[in-house]
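As C-alpha cells, the structure follows; a few thoughts come after it.
2 protein chains.
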Amino acid sequence: MAEDRRPYRRESQESRREALITAALELMAEGGAQAATVRAIADRAGITPGLIRHYFQTKDDLTRAAYAALMERMAEQSLRATLTAPDDPAARLAAFVAASLRPPVMTGDRVRLWAGFLHLVQRDPMMRAVHEATYLGYRNRLQALIQTLPGKGDPVQARALAIACNAVIDGLWLEGGTLPEGFAPQELEQIGLQAIAAILGTALPPTQTTDEAP
Amino acid sequence: MAEDRRPYRRESQESRREALITAALELMAEGGAQAATVRAIADRAGITPGLIRHYFQTKDDLTRAAYAALMERMAEQSLRATLTAPDDPAARLAAFVAASLRPPVMTGDRVRLWAGFLHLVQRDPMMRAVHEATYLGYRNRLQALIQTLPGKGDPVQARALAIACNAVIDGLWLEGGTLPEGFAPQELEQIGLQAIAAILGTALPPTQTTDEAP
DNA sequence: CGGGTGATTATACAAGCGTATAACAAGGGA
DNA sequence: TCCCTTGTTATACGCTTGTATAATCACCCG
Chain A
0 MAEDRRPYRR ESQESRREAL ITAALELMAE GGAQAATVRA IADRAGITPG LIRHYFQTKD
60 DLTRAAYAAL MERMAEQSLR ATLTAPDDPA ARLAAFVAAS LRPPVMTGDR VRLWAGFLHL
120 VQRDPMMRAV HEATYLGYRN RLQALIQTLP GKGDPVQARA LAIACNAVID GLWLEGGTLP
180 EGFAPQELEQ IGLQAIAAIL GTALPPTQTT DEAP
Chain B
0 MAEDRRPYRR ESQESRREAL ITAALELMAE GGAQAATVRA IADRAGITPG LIRHYFQTKD
60 DLTRAAYAAL MERMAEQSLR ATLTAPDDPA ARLAAFVAAS LRPPVMTGDR VRLWAGFLHL
120 VQRDPMMRAV HEATYLGYRN RLQALIQTLP GKGDPVQARA LAIACNAVID GLWLEGGTLP
180 EGFAPQELEQ IGLQAIAAIL GTALPPTQTT DEAP
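If you read the protein sequences in the order shown, they are chains A and B. The C-terminal position of the first sequence is numbered 213 in numbering that gives the first Met the number 0, with every residue numbered one higher than the one before it. The C-terminal position of the second sequence is numbered 213 in numbering that gives the first Met the number 0, with every residue numbered one higher than the one before it.
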C-alpha cells in the first residue's frame, strides 16, 4: 500500500530547459496559451511541476524563453532556403519567398502559435524587442535580396518594395495557415511569386520543389 | 451596519447582450482572452457576474457571440468605404483598400483581438464558419471590384488576383497593427495602393482623405 | 394601488491555477 | 565505499476561475 516515489534521472540544465520550451510551444500550438499550464508543460516534458521553477524563476520566464526560441526557429528556417538556392539574385529571392509559403513555415499551428503570443508581446518589453528584431531582420533580408536585383539598388525604393513583398508573404502565410483547405497545393506559393514579381517588375524563375532525393 | 443591496434597473435583453459583448471585446483587446473573465466582463458591463448566465447559457456562448459581432463590425467598416467612393471602378477599389489600412480597421487592438480569437476559431465549428464566411466575403468583394476593371473580367484570373491583393492588405494590416511606430503616417496605405496597382497592372487614383468637413 | 413575475443580486462551491517549501535520492568526488 | 551536493518529487497554500442556486426587489399588469 506504500506509494512509491516516482523514479527519475538527473539531466543537464540545457536539455531540461529545451524540453520545457518544446513542451510549452507544443501545448500552446495545440490549445492556445490557456492550455500551456505549468502542470501540463511539466507532464509533457516528463517531470513534475515543481521542477519547472528550478529552471525558470517564474512561468513568465518560461514563456519568454519559449517565444524567443520560436522566433529563432522561424527566422532560421526561412533563411536556410536562400543558402541552398542557386547563386542568382532572382532565384535566391524566389527560394526565400517559396520557403515561407510552404511547410514547415506555413502551418496552421505556426500561425496560431504566433498569434497566441501577440498579446504578451505587446505587454512584455523583452518579447516586444524580440518581435521587432525578428520582423526587421526578415524584412531587411528581403530588402537585401531585392537590392541585388538589376536596377533595384536604391535603398529607399527597396525599403518600400520590401515592405510590400513582406506583406504579400505574411498575408498568404496567414490565409494558408488559417484556411488550409481553401487553396490548392502550392497555389499560394505560385500566387505569391507572381505577385512579388509584379511588384518588383522583375521575372522570377520557377523554384525547385522540396523533394529530397534518397 | 446593514450592507445595502446594490440598486439596479431592469433593461432589455438586447441592450444587456450588447453591453456584455462590447465589454468582452474591450477586455479581450486590452489584455487578451485571459483578461476577459466572467467577473471582469460583468463589472465593465455594469452588472453582477451571475447575470451573465441569464443572457448567455455559458461563457463560451458569450465568446461566440462576441466573435460574430466583431467580424460583422469589421466587414461592415471595410465595405462602407466603397459606398461613399466615386462611381469609378478603380476609385472604388482604391477606397476599399485604403479604408482597410487606416484606423479604425488597422489598429493594434484590432489585430490583437483578431489574433486572440484564432485558437478558439479552429476549435469551435460555429466560429470557424463565421471566420470562413467573413474572409471569403471580404475576398469576394475584392474580386468583384477587380472584375469591374477593364480587361479583368475573367473570374479565374480575378480570383488569383484577389487572393494576392487580399494578402497585401492583410500583411500590411498586420504589420501596421503590431508595429505602428515603425512606419510614417499613411506610408502603409501608399505602399499598399502601389503594390496592388502593380499586381493588377492598373493605375489607381489617389484616395480622398478621411477628413470630414464640419 | 397592490400583487406576481422574472430580472437581478448575493453567496457558495468545486476545480484549476501559479507558487512555495520540505523531504527524498541520484550520482559524482574523496 | 561513503558522504554531500543538488536535482527532483511530493505536498500544500492562497487565489481565481466558471458555474449553480437561493434570496430579493424593480416594474408591468389588472
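Glycine included, every Cβ here is placed at the ideal spot set by N, Cα and C. Note that the structure is predicted; figures quoted are calculated from it, not measured.
- Residue-level contact by beta carbon fails for residue 57 of chain B and chain A, as no gap is shorter than 8 Å.
- Taking CB atoms only, residue 65 of chain A has no neighbour in chain B less than 8 Å away.
- In its chain, beyond the 5 residues on either side, 34, 35, 39, 40 and 43 have a beta carbon closer than 7 Å to the beta carbon of residue 26 of chain B.
- Between residue 192 of chain A and residue 203 of chain A a beta carbon distance of about 5 Å is seen, short of the 8 Å cut, so the two are scored as contacting.
- DSSP places residue 79 of chain A inside the alpha helix (DSSP H), whose first and last residues are 58-83.
- Around the beta carbon of residue 150 of chain B, a 10 Å sphere encloses fewer than 16 other beta carbons of the protein chains shown; the residue is thus reported as exposed.
- Rounded to the nearest whole angstrom, the CA to CA distance from residue 61 of chain B to residue 155 of chain B is 39 Å.
- Residue 200 of chain B carries a coil assignment under DSSP once its states are collapsed to helix, strand and coil.
- When DSSP states are grouped into helix, strand and coil, residue 168 of chain B belongs to the helix group.
- Chain A places a beta carbon closer than 8 Å to that of residue 171 of chain B, counting this residue as a contact.
- Within the model, the alpha-carbon separation for residue 77 of chain A versus residue 137 of chain A is close to 8 Å.
- A buried status is given to residue 99 of chain B, since no fewer than 16 other beta-carbon atoms sit within 10 Å of its beta-carbon.
- Annotated as distal: residue 112 of chain B and residue 194 of chain B, with beta-carbon spacing of 8 Å or more.
- Buried is the label assigned to residue 163 of chain B, since at least 16 other Cβ atoms lie within 10 Å of its Cβ.
- With fewer than 16 other CB atoms across the displayed protein chains lying within 10 angstroms of its CB, residue 53 of chain A is exposed.
- In terms of Cβ geometry, residue 70 of chain A and residue 129 of chain A form a close pair [threshold 8 Å].
- Its Cα nearest to that of residue 135 of chain B, the residue A:182 stands out among A:182, A:153, A:125 and A:139.
- Secondary structure at residue 31 of chain A: coil, using DSSP grouped into helix, strand and coil.
- For residue 38 of chain B, no Cβ of chain A is located within less than 8 Å of the residue's own Cβ.
- At least 8 Å separates the beta-carbon of residue 74 of chain A from that of residue 95 of chain A.
- The beta carbon of residue 54 of chain B does not come within 8 Å of any beta carbon belonging to chain A, so the residue lies off that interface.
- In the three-state reduction of the DSSP assignment, residue 206 of chain B falls in the coil class.
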